[in-house]
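Numbering (the UniProt record's numbering), first residue to last: 1 to 53.
Built from N, CA and C at the ideal position, the CB exists for glycine as well.
Structure first, commentary second.
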């Protein structure tokens, strides 16, 4: 498990890609996950970096 606050996820996304792309499943979770919350937001950044729609 990797625990990153949302404010540090996006600035480090390029370097995280080498780690995260090793896995076939990456789960984004937040204790307060709302549709426009931190979990879905970071998942969208990751999805965008992967080039997946």
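- Task: Please state whether DSSP places residue 9 in a helix, a strand or coil.
- Result: helix
- Consult DSSP for residue 35 and reduce its assignment to one of helix, strand or coil. coil
- Query: If you run the structure through DSSP and keep just helix, strand and coil, what is residue 4?
  - Reply: coil
- Task: Indicate whether residue 30 and residue 22 have their beta-carbon atoms separated by less than 7 angstroms.
- Result: no
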